[in-house]
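Following: one structure in structure tokens, then a few remarks.
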Amino acid sequence: MKIRNVVYKTRNIVVVLKRKVQNTTNCVIIGSGYSLSVNEKGQVIYKDPLFFAPSGKGYGNCDVFSMFFTLNCLGLQEAGKDLADFINNKLYHYSGVILHGHSKCGACFLNLAQWLNRKVSIISISAPINISGAPITSPEFNQGLNIVEAKLFNYIYSNHKVDKDISPNSNFLKNINLVAFREHRYKIIVSTCCRNITFNPVSVFLKWFDKMHGINGDGIIPLCSQVPTFCSFDLISATHAESMHKSIKFVKPFL
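Numbering-wise, the numbering used here puts 59 at position 47 of the sequence shown, and it's gapless, one number per residue.
So this is what it looks like as structure tokens:
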């Protein structure tokens, strides 16, 4: 498998140009939270299980980039520094830069605002920003799973540093900067599956899992980890698997 249009690559992140349009002054950087590693020729040498690359559709008349963590990423802090460098030094010709980050990528995007030397817009969706984090990434949580559940979540959540960074009481969550981004345009979106009606098999499982294990969130991230205590937020009905797509509509007013 080959990834075309890799425009920026470091030890920690890969940035891909998904869509280029004519006569635009805006761009969107999508961060779905997946990990992807490519060699110098763009050949994929690693991708997350259930890896899904956003299509870039639905974002209006703007250029669209996708950002992925690498397999050997040193963590959300380091990934954020690299993406801030890309924005500061490579995207200066855009008058508007919008970051649309899901899950751990949302937390990464909020935190990286401290290194930006220009104004951007940040939309965070289903992001674990509080110290309670994502319990399913912790060994203690996995001990309470049955064999099938444990195999599934060990398959999806690996020993990556970016996954450890959203574990409860991680150093990243203890030190996340939730002040700097408030100098920019932003929106924080919280997702819950308690009222969500879905026929998507993954989402059906997440709704069951959320209820069975008392997550009280979107099937992956608890509400207590998502809800900010310092600003307003929007609440949507969606599982963790659906919330990225459902939140695209919140990006358009920022274009």
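The C-beta atom is built at its ideal place from N, Cα and C for all residues, glycine as well.
Best match in the options for proximity to residue i [C-alpha to C-alpha]
{"i": "Glu52", "options": "Glu195, Arg23, Arg31", "result": "Arg23"}
{"i": "Asn158", "options": "Asp94, Thr241, Phe221", "result": "Phe221"}
{"i": "Ala125", "options": "Ala65, Gly156, Lys93", "result": "Lys93"}
{"i": "Val202", "options": "Met13, Ala139, Lys186", "result": "Ala139"}
{"i": "Tyr104", "options": "Asn38, Ile141, Phe81", "result": "Asn38"}
{"i": "Asn187", "options": "Leu122, Phe98, Thr210", "result": "Leu122"}
{"i": "Val28", "options": "Gly43, Asn35, Leu247", "result": "Gly43"}
{"i": "Ile148", "options": "Ser136, Asn142, Glu161", "result": "Glu161"}
{"i": "Phe153", "options": "His225, Ala65, Leu218", "result": "His225"}
Proximity test, Cβ basis, 8 Å: residue i and chain C
{"i": "Gln155", "result": "Chain labels in this structure do not include chain C; a single protein chain is all it has."}
Residues near residue i by beta carbon distance below 7 Å, same chain, minus five either side
{"i": "Lys173", "result": "Cys85, Leu86, Gly87"}
{"i": "Ser182", "result": "Gly145, Lys176"}
{"i": "Ser150", "result": "Ser179, Pro180"}
{"i": "Leu95", "result": "Ile25, Met79, Leu124"}
{"i": "Val239", "result": "Val202, Phe245"}
{"i": "Cys74", "result": "Val33, Thr36, Asn38, Cys39, Val40, Leu267"}
{"i": "Gly45", "result": "His114, Ser115, Lys116, Cys117"}
{"i": "Val216", "result": "Thr210"}
6 Å CB neighbourhood of residue i in its chain, flanking five on each side removed
{"i": "Lys14", "result": "Gly54, Gln55"}
{"i": "Phe242", "result": "none"}
{"i": "Ile227", "result": "Pro234"}
{"i": "Gly108", "result": "Asn38"}
{"i": "Gly70", "result": "Ile260"}
Element boundaries [alpha helix (DSSP H), containing residue i]
{"i": "Phe153", "result": "151–154"}
{"i": "Asn38", "result": "Taken as a continuous stretch (DSSP letters only), Asn38 belongs to no alpha helix (DSSP H), being part of the beta strand (DSSP E) at 38–50."}
Residues that DSSP places opposite residue i in a beta bridge
{"i": "His114", "result": "Ile137"}
{"i": "Thr204", "result": "Ser249"}
{"i": "Gly229", "result": "Pro234"}
{"i": "Ser78", "result": "Val28, Ile42"}
* Does the stretch 110–128 come within contact of the stretch 192–206, defined as at least 3 CB pairs closer than 8 Å? -> yes
* To do: Specify whether the stretch 212–232 and the stretch 242–253 touch according to this definition: at least 3 beta carbon pairs, one from each stretch, less than 8 Å apart.
  => yes
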